[in-house]
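Asks: In my numbering, the protein residues as written are 1356 to 1536. Provided herewith is a single structure, encoded as structure tokens, for subsequent inquiry.
Listed below in structure tokens is the structure:
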């Protein structure tokens, strides 16, 4: 494969495994580049305070996007960044206190949550927050075999959340996927 400034040239006969591997590498580069750019801007602001805006303009990147990258990078010391999670996972929790950031990132990492699942989990955990349109009279009972319930409890515990939150997040995620596709 050949990478250029305007695209990726892929050989006509590329094995699926090689194509898949390339996709994982490209995805990693996209995710890592957000961290790289954030760290680059933080460094520029600290070392070239009077000239770093010129550097941003010279780089030809969107100022607000870079500022967002830098804000997230500042909120996470290098040792606290989770390679198994995307930059966007970190961005979702960046506004929280450090202890909460770590707690939510632990949950997301253990449960392999998408950023959407992480965002929803945080939203549901806020005092006074509830599902859109949910009211007390909307509560329903569902007969669940004991073996399923035990398995769900174990999954919720492993993800660091209570059963109700785990069930709601999991079902909402499944519903969103079903409705999207």
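For glycine and all other residues, C-beta sits at the position ideal for the given N, C-alpha and C.
Determine which residues share a DSSP beta bridge with residue 1364 and list them.
Replies: Position 9 of the chain shown, counted from the start, is the residue given in the question as residue 1364. Per DSSP, 1357.
Asks: Mapping DSSP to helix, strand and coil, what is residue 1405?
Replies: By one-based count along the chain shown, residue 1405 stands at place 50. In this structure, residue 1405 counts as coil in the three-state DSSP scheme.
Asks: Distance check for residue 1496 and residue 1383, CA to CA, integer angstroms please.
Replies: In the chain shown, residue 1383 corresponds to position 28, counting from 1. In the chain shown, residue 1496 corresponds to position 141, counting from 1. If I take the Cα positions, the gap works out to 43 Å.
Asks: Around the Cβ of residue 1433, are there at least 16 other Cβ atoms within 10 angstroms (buried) or fewer (exposed)?
Replies: What you label residue 1433 is simply residue 78 of the chain shown in a count that begins at 1. Label assigned to residue 1433: exposed.
Asks: The alpha helix (DSSP H) with residue 1472 in it runs from where to where?
Replies: Indexing the chain shown from 1 puts residue 1472 at position 117. Looking at the DSSP string, the run of the alpha helix (DSSP H) that includes residue 1472 is 1470-1480.
Asks: Closest to residue 1466 by C-alpha separation, out of 1412, 1448, 1439, would be which residue?
Replies: The residue given as residue 1466 occupies position 111 in the chain shown. Comparing Cα-Cα distances from residue 1466 to each of 1412, 1448, 1439, the minimum goes to 1439.
Asks: Going straight from the alpha carbon of residue 1512 to that of residue 1519, what length do you get?
Replies: In the chain shown, the residue the question calls residue 1512 occupies position 157. In the chain shown, the residue the question calls residue 1519 occupies position 164. Cα to Cα, residue 1512 sits roughly 11 Å from residue 1519.
Asks: Pull up the distance between the alpha-carbon of residue 1371 and that of residue 1522, whole angstroms please.
Replies: Counting from one through the chain shown, the residue named residue 1371 turns up at place 16. Counting from one through the chain shown, the residue named residue 1522 turns up at place 167. Looking at the two C-alpha atoms, the distance is approximately 35 Å.
Asks: Distance, Cα to Cα, residue 1429 vs residue 1393?
Replies: Residue mapping note: residue 1429 aligns to position 74 of the chain shown, counting from 1. Residue mapping note: residue 1393 aligns to position 38 of the chain shown, counting from 1. Approximately 8 Å, taken between the alpha carbons.
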